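Below: one structure, written as structure tokens.
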Amino acid sequence: MQGTFEFPQTAEWIDAELEWQHNRGQLLVTPRGEVEPILDLPWEITPERITISDGRWRTRYEAYPLRGRVALSVGNWQQGTEQMIVSGRLNVLTEGMPGRAMRY
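For the sequence shown, this note's numbering assigns the number 2 to the initial residue and increments by one for each residue that follows.
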């Protein structure tokens, strides 16, 4: 499944692709005309849990060159929001001079 949308803040077109086979897949979000996605989320669904593992993200703004990884787990997802157990991890890496913000 593929779609295109526009970020209101940047007025740029973004392409999204959702791959789905059986109980797993991948969501890729890529700015139009670029090769590297800004969001790459491999996922898996079971009756007990929704899992995103080894996801990757990045920003495209020169003033904020950030990237990282993401993992998310939603347990008991079919039992309603009060029974859900949500856990996750977000890793943020800076680029530039030893992890410090770059000044111009």
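Quick reminder that beta carbons are idealized off the backbone N, C-alpha and C, glycines included.
Since we're looking at a predicted model, the values are computed, not measured.
The beta carbons of Trp14 and Glu20 sit no closer together than 8 Å. Straight through space, the alpha carbons of Asn92 and Arg70 are spaced by roughly 5 Å.
Taking C-alpha positions only, Asn24 is separated from Pro48 by approximately 10 Å. In this model, Leu40 and Arg57 are separated by some 6 Å (Cα to Cα). Per DSSP, reduced to three states, the secondary structure at Gln22 is strand.
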